[in-house]
Amino acid sequence: MIDIHCHLLPGLDDGSDSLDHSLELAQAAVADGITHALMTPHHMNGRYVNHAPEVAQATADFQDALDAAQIPLVVFASQEVRINGELLTALDAGDILTTDPFGTYMLLEFPSEEVPAYSEKMIFDIQQRGIIPIIVHPERNQGFMDKPEQLYEFINRGALAQVTASSYVGVFGKKVQAFAQDIIDNGLAQFLASDAHYMENRDYVMGDAFAQLVREKGQKTADLFDKNAKAAINGDPIQRLVPQPIKKKRFFAKY
Numbered sequence: 001m002i003d004i005h006c007h008l009l010p011g012l013d014d015g016s017d018s019l020d021h022s023l024e025l026a027q028a029a030v031a032d033g034i035t036h037a038l039m040t041p042h043h044m045n046g047r048y049v050n051h052a053p054e055v056a057q058a059t060a061d062f063q064d065a066l067d068a069a070q071i072p073l074v075v076f077a078s079q080e081v082r083i084n085g086e087l088l089t090a091l092d093a094g095d096i097l098t099t100d101p102f103g104t105y106m107l108l109e110f111p112s113e114e115v116p117a118y119s120e121k122m123i124f125d126i127q128q129r130g131i132i133p134i135i136v137h138p139e140r141n142q143g144f145m146d147k148p149e150q151l152y153e154f155i156n157r158g159a160l161a162q163v164t165a166s167s168y169v170g171v172f173g174k175k176v177q178a179f180a181q182d183i184i185d186n187g188l189a190q191f192l193a194s195d196a197h198y199m200e201n202r203d204y205v206m207g208d209a210f211a212q213l214v215r216e217k218g219q220k221t222a223d224l225f226d227k228n229a230k231a232a233i234n235g236d237p238i239q240r241l242v243p244q245p246i247k248k249k250r251f252f253a254k255y
C-alpha cells in the first residue's frame, strides 16, 4: 500500500516529536503493509509553516535514517497545505510541494469548523494553475457535515478527496464514520490515507480500512483506491467514481 498523507517527519509539526518516534511510526506503517509514503507536514495552518526546501531536506534525512535502521519504507516530500489567503502567493513562489514531481496534485486542508467563503474561487484558481487539489479528511470538517452538497460541488468540478482510514473504521466516533461512509458511498472520495501522527488514536489502520472497503464496496473499488494512491505520487491520471450528491441528510453534532 501507498500512504499519501502522514506526519512522520520528526519535529516539524504535531506528528512526531523525535526521530525515535518517527522510526516507530515507520515500523508500524511497514507492519500494516505500507511500502511508500508521502511526508506531509502541515503548512500555513496558522501554527506551522514548513517551507518546501526544508521539507525536502527533512524527507531526505529521514530516508537516510530509515535505510540505516533497515526499515523498508520509501518516502517522498510533500505538504498538507491549509487553504488560506496567502496560498496562491506561496504557490506562485514555488513554496508548495505537490504529491508528485510534475505538479499535478496537492493536498488541501480545510479548517475543521468550516468551509471558508472563498473556497470555491481558491480551488478554481488552483485548478487554473494546472494543479488538482486533493481535499484531505473532509469527513472531519463541520462545514461539509452541515452542507455535504459543498463537497459534491467541489468534486463535481474536478477536485479530489481523501478519507482518513481511522475515520472510516470508527476511531473518531460514529458520526465521523457515518459521514466517511456517505462520502465513499456517493463516489466523492478517491483515496484512503492514514493521516498518521505519533499520538493516541492515530495508529496505522490502513489494512483494516481497505478490508472494510472490500467488504462494503467490493474489490474493484478497493483496487481503484490503491491504484489512485500510486497515481498521485507519479502524477498519473486518477480514476474517479461517478459523484452523486449525499441525499440522506444527517444531523451531525460537532465531534
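Residue numbers (UniProt numbering): 1 to 255.
From the three backbone atoms N, C-alpha and C, an ideal C-beta is built for every residue, glycine too.
What did DSSP end up calling residue 18 once you bin it into helix, strand or coil? coil
Let's see if you can read the secondary structure: which residues bound the alpha helix (DSSP H) around residue 72? Counting along the chain, residue 72 falls outside any alpha helix (DSSP H), and DSSP gives it neither H nor E.
Helix, strand or coil for residue 204 per DSSP? coil
From the DSSP output, in three-state form, read off residue 152 for me. helix
Here's a check: name, in chain order, each residue in its chain whose Cβ is nearer than 7 angstroms to the Cβ of residue 49, leaving out the five neighbours to either side. 43
Return the bridge partner residues of residue 37 from the DSSP annotation. 3, 75
So, residue 163 versus residue 184, is the Cβ gap smaller than 8 angstroms? yes
Does residue 106 pass the burial test, meaning 16 or more other C-beta atoms within 10 Å, or should it be called exposed? buried
Starting from residue 43, follow its DSSP beta bridges and name the residues at the other end. 81
Where are the beta strand (DSSP E) runs, 3 residues long or more, that stay fully inside the region 78–164, in chain order? 80–82, 105–109, 132–136, 160–164
By Cβ distance, which residues of its chain are closer than 8 angstroms to residue 21, with the 5 residues on each side in sequence left out? 10, 198
According to the Cβ coordinates, are residue 225 and residue 172 closer than 8 angstroms? no
Cβ-based burial, residue 35 [other Cβ within 10 Å; buried from 16]: exposed
Would you check if the region 70–80 and the region 115–123 touch, i.e. whether three or more CB-CB distances between them fall below 8 angstroms? no
The beta strand (DSSP E) that contains residue 224, what's its start and end? Premise fails: residue 224 lies in the alpha helix (DSSP H), 219–234, not in any beta strand (DSSP E).
Out of 62, 212, 7, 83, which one is the CA nearest neighbour of residue 138? 83
By alpha-carbon positions, which one of 156, 125, 154 ends up nearest to residue 90? 125
Would you mind reading off the limits of the alpha helix (DSSP H) that contains residue 180? 174–185
Nearest neighbour of residue 136, chosen from 180, 242, 58 [CA to CA]: 180
For residue 192, the three-state DSSP class (helix, strand or coil): strand
Can you check whether the CB of residue 243 is closer than 8 angstroms to the CB of residue 188? yes
Roughly how many whole angstroms lie between the Cα atoms of residue 149 and residue 123? 16 angstroms
Taking the alpha-carbon positions, what's the residue 62 to residue 27 distance? 13 angstroms
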